[in-house]
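Report on one structure; see the data block that follows.
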Amino acid sequence: MIPELGHFALILALVLSLVQAVVPLVGAHRNSSALMAVGRPAAQGQFFFILFSYVCLTWAFIQSDFSVQLAATNSHSATPLMYKITGVWGNHEGSLLLWAMSLSLWTVAVTVFSRHLPDAFLARVLGVLGLVSAGFISFTLVTSNPFDRLLPAVAEGRDLNPLLQDPGMIIHPPLLYMGYVGFSVAFAFAIAALLSGRLDAAWARWSRPWTTIAWVFLTAGIAVGSGWAYYELGWGGWWFWDPVENASFMPWLLGTALMHSLAVTEKRGAFRSWTVLLAIGAFSLSLLGTFLVRSGVITSVHAFATDPKRGLYILALLVIVIGFSLLLYAMRANKLMGGGSFGLVSRETSLLANNVLLTVASASVLLGTLYPLFLDALGLGKISVGPPYFEAVFVPLMTPVVVLMMFGPFLRWKDDDLLAEVRRVAPAFVASVAIGVGGAWAVDHLTWRTALGLSLAAWVVLASLQLLARRLGERAGASAGSRLRSITASWWGMWLAHFGIGIFIIGVTMVGSLDRHLDVKMKEGQHAELAGYTFVFRGAVDADGPNYDAARGNIELLRDGRSLDMLTPEKRVYLAQGMPMTEASLDIGLFRDVYVSLGEQLEDGAWIVSLYYKPFISWIWAGCVLMGLGGVFAAADRRYRRLAARDAAAAVDGRAGAAA
Amino acid sequence: MKARSKRLMLVGGGVALLFAAVALVLSAFQQNLVFFHTPTEVSEGKAPTGKTFRIGGMVEDGSIQREADGVTVRFAITDTAKVIPVTYKGTLPDLFKEGKGAVVQGKLEGGVFRATEVLAKHDENYMPPEAAHAVEQAQKAAQTLSQ
Amino acid sequence: MKAKFLVPLLLFFGLAGFLAFGLTLNPREVPSPLIDKPAPNFRLARLDQPEQTFTLEDMRGQVWLLNVWASWCVACRQEHPLLVRMAEQKLVPVVGLAYKEVRGDGAISTRGMSLEAETAMAVERGRRWLADHGNPYVVSVMDIDGRVGIDFGVYGVPETFLIDREGRIRYKHIGPITPESLQTQIMPKVEELRRAG
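These protein sequences, in sequence, are chains A, B and C. Everything in the first sequence is counted per the working numbering, starting at 123 for the first residue and increasing by one. Everything in the second sequence is counted per the working numbering, starting at 399 for the first residue and increasing by one. Everything in the third sequence is counted per the working numbering, starting at 1105 for the first residue and increasing by one.
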């Protein structure tokens, strides 16, 4: 009964999303405030029904109702409660429902926090979001109904894929989806602005906090996913450039460009056409990512998760949404020309250059991801594009981005004197190169890549400090406290996020150059050495869990004769699917991780053990945390709220004027 | 500076950047594409020597052997028509099994494929697409021969 | 409308075209190389009477389906009620190929197990499964080591082959049969082959 209720609620949500799509758009066109006012309650009602539907599905998982096919294939009565709940989104149908729910959540957030927007504008935004929502809910209902029954019911479920039974998987998909879907708000604002022909500084200002928050979610989601891959996949890699990862990375790159482009459009009125295109592009790549992952065009291994009908449906959705947006753009873009003029040496130019570079980088990732598909489609053979391609393209493209990213903030808007500014930052730049080369030499790994990575990191750190010093020095004579207070939250956000990239680069460079790895056969009492650490195998014991059998190795970690830690990697076999799994064990430190995983047991009772030494790997995630925090600061700037209050007053005046 | 020449420089810079990026992508593709070959193609000498490529197929039953160090593994990969011996040093993926699909990446050295990477199939029911492709190719060839 | 603003739209349509074409490359759509070729012959022990064997010749003159299944295969469970209904309505005879019944099950290690022991286990498991879920097959045969499956180009379970009166494979269905695929794909082809004589 409950699954049927959930199904019914989802159908009601679809109806409401259609109402939300059509009525306010018609209202905005006819300038009827009664029709426009329908958008808000429709959006909120839609959210209520999707939430209800989602709770019903979760209930089927918690109750181990294996007459629901999705629960039967993705849960098990012995699965811990936490993984019963997260199992809901560990599959195609459930993750689509989660996608629709996060879209609806964003829409409700827009209705709550956008009271200052003009009615017609809000109506158009809600209409666009409603259209997207209708597309996704109908996709779920028509091709991937999560409430399908399995009759007769099976006695026991197949269990959630053991790889997904991990705390990282609890938060990774919701964060990622909030990020992906969050770009729909910036997209809806851009389309609403195109429809109304009103693309001004106010539009950019309204979009900025939404874009930034979506970007923060996406950053966090990608970072958590990468952390999950690091400790769950059992061989210490943190980024693989596989299509599923690329699907989330491409919108991140374009979203980053969008955030910066919006800043220029708001402050200087320039780049309007380009900003609109980026807003459409970032959301399009989110949709494309969903298509790539869900249609099976690329990951066709999961044959039962894909079905040509689904691929076709989502492709049609893609063509309609993106096609119409780009057509609308082509029709209206010539109205977007002009805006504040700027000199060749100005902050605008540096931001534009970085924007173009980020877009090109995003395109190169897209090309690498789809190239095997292109060749296959043209009958030119089967190939794979691995990490070497992406690294070869990405490093040269990102190097100027990082250099410019730190130079740009020194430049004034509109026009500046290149020579004076270059002279100002030259000492920091030269020092960075010296530190980079010297550092590479000091860690005994003098390759151009290590030197480049360390130089860039040093450049970010030194230039950040110099930028901060300069900002604080701007108000000579004021007290230190008032100088600090004079800096806005959005400036701190920019500073922190850029600084985080420096930290991130240190992590990537050090792990890339200095990590060590050893596979070794070990019997009880035997030891192995790696990177100055000693590993003593203290034997393996049984360590069965609720839904798996496991052997747990005990490996003592020593340095200079002192015991540091007892590492306990496991080899599990999940009972329901008979699937073996490697559970790594880590000794985490500020400057290095030691990472151990268990391979096979050999006939003579010895084990194959993999030992890894990962210097500075935590810095990768520390850098991501700083970037995310930077985004939070930027979005929390008081200016948005102050100006929102002013817009709200203006909107009320406007309404009063219209009524009079 | 005149607006016109400024515009020219911006556009020129953009075009130069685009060319640089295209050159970068092309050269990266040139050097880093990993081609895929079936065991039959490899045994016919169609695979490159000294260059990294991939072989897909099934791990032959009873072919897995370990050397004394425990971490070097020998096995054979087959598309049901031809068999290629493989050596690999390192830990095998959890789902690597005899009689199941696998994809190996590495170089051919003196008739033996020295793998640097071993990928096993994800799913109980299905093989990696490349492995399935190899078996399919071999069967197509067998069909053509029998006619 | 200026032409240059249409560039993003055109680029996107190019990409969408490729993606649409990519969808048709889905492995489920790729025709088997065996289509319209004589089915590989085999002689396998029957599940109900392991001392007796079954060959393609036994079905000569009939249009029939060869359904690859296993008790460990979850998707088979999904299509099984449909097969049972097909048998009740006597739509078309279905022969079951119990594919790697024991060694295909990831939960069981066959290391050190004799072929006899494995066969005995397969018989026990296969019969129990058919008793529990209904037996839609005119006969089921056991492909213990998966050799016949390889000859047929089986790379997953379930798969279903449509075989004509002369023993040629005329159609291959990958994945579970659905009521829709039965109605729109399989049965029209069966009717056509029957009419063809």
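Ideal Cβ positions, reconstructed from N, Cα and C, are used throughout, including at glycine. Computed from a predicted model, the values in this text were never measured in an experiment.
By the neighbour-count definition (other C-beta atoms within 10 Å, threshold 16), B:P437 is a buried residue. A:W350 and A:I293 have their C-alpha atoms roughly 10 Å apart. Interface flag for A:S395 against chain C is set, since a Cβ pair is found closer than 9 Å. With a cut-off of 8 Å on Cβ pairs, the segment 440-449 of chain B is not in contact with the segment 419-431 of chain B, counting fewer than three such pairs. For chain B, none of the residues of the segment 1271-1301 of chain C brings a beta carbon within less than 7 Å of one of its beta carbons.
Excluding five sequence positions before and after A:V630, the CB atoms of its chain that fall closer than 7 Å to its own CB belong to G575 and I742, given in chain order.
For A:V177, the secondary structure class from DSSP, reduced to helix, strand or coil, is helix. For C:G1250, the nearest CB of chain B lies under 9 Å from its own CB, placing it at the interface with that chain. Apart from sequence neighbours up to five positions away, the residues of its chain that approach A:G661 with a beta-carbon distance below 7 Å are E646 and N676, ordered along the chain. According to the DSSP assignment, A:K693 belongs to no alpha helix (DSSP H) but to the beta strand (DSSP E) extending over E692 to Y696.
Contact check for A:I623 and A:G750: beta-carbon distance about 12 Å, past the 8 Å limit, so the pair fails to qualify. Restricted to the segment 1219-1285 of chain C, the beta strand (DSSP E) segments that are unbroken, complete and at least 3 residues in length are 1243-1247, 1263-1267 and 1273-1278, listed in chain order.
A contact is defined here as three or more CB-CB pairs under 8 Å, and the segment 261-277 of chain A fails this definition with respect to the segment 314-321 of chain A.
A distance below 9 Å separates the beta carbons of A:R390 and A:K536.
C-alpha of A:G615 to C-alpha of A:I124: approximately 46 Å in a straight line. Within the segment 495-506 of chain A, the residues whose Cβ lies closer than 7 Å to any Cβ of chain C are, in chain order, L495, F496, D498 and A499.
Against chain A, the CB of B:V409 has no partner CB under 9 Å away; the residue lies outside that interface. B:I462 and C:G1238 have their C-alpha atoms spaced approximately 39 Å apart. When only Cα atoms are considered, A:G304 and A:S406 end up about 12 Å apart. Within the same chain, Cβ atoms closer than 7 Å to the Cβ of C:L1151 are found at A1202, V1227, G1230, R1231, S1244, V1245 and M1246, the five residues on either side in sequence being excluded.
Of the residues assessed, A:N153 falls on the exposed side of the cut-off, its CB having fewer than 16 other CB atoms within 10 angstroms. Taking 8 Å as the Cβ-Cβ cut-off, the segment 418-444 of chain B approaches chain A at A419, L422, V423, S425, A426, F427, Q429, N430, L431, V432, F433 and F434, given in chain order.
Around A:Y435, the same chain offers F261, V264 and T265 as residues with beta carbons nearer than 7 Å, after the five sequence neighbours per side are excluded. Put simply, the backbone Cα of A:R674 is about 42 Å away from that of A:R432.
For the pair of segments examined, the segment 484-503 of chain A was found not to touch the segment 560-573 of chain A: the number of CB pairs separated by less than 8 Å stays below three. Every unbroken stretch of the alpha helix (DSSP H) spanning 4 or more residues and falling wholly within the segment 236-272 of chain A is given here in chain order: 241-265. For B:G508, the nearest beta carbon of chain C is not closer than 9 Å to its own beta carbon. A straight-line Cα-Cα distance of about 20 Å links A:T341 and A:E354. Listed along chain A are L466, each with a C-beta nearer than 7 Å to that of B:K404. By the Cβ-count criterion, C:N1145 is exposed, with fewer than 16 other Cβ atoms from all chains shown falling within 10 Å of its own Cβ. Cα atoms of A:V137 and A:L449: separation of roughly 27 Å, rounded to the nearest angstrom. Beta-bridge analysis with DSSP links A:S707 to A:V718. When rounded, the separation of the alpha-carbon atoms in A:A672 and A:G279 is 20 Å. Residue-level contact by beta carbon holds for A:A452 and chain C, with a gap shorter than 9 Å.
A contact between stretches requires three or more CB pairs, one per stretch, nearer than 8 Å, and the segment 1162-1173 of chain C fails this requirement with the segment 1106-1113 of chain C. In the assembly as shown, C:T1157 is an exposed residue. Its beta-carbon has fewer than 16 other beta-carbons within 10 Å.
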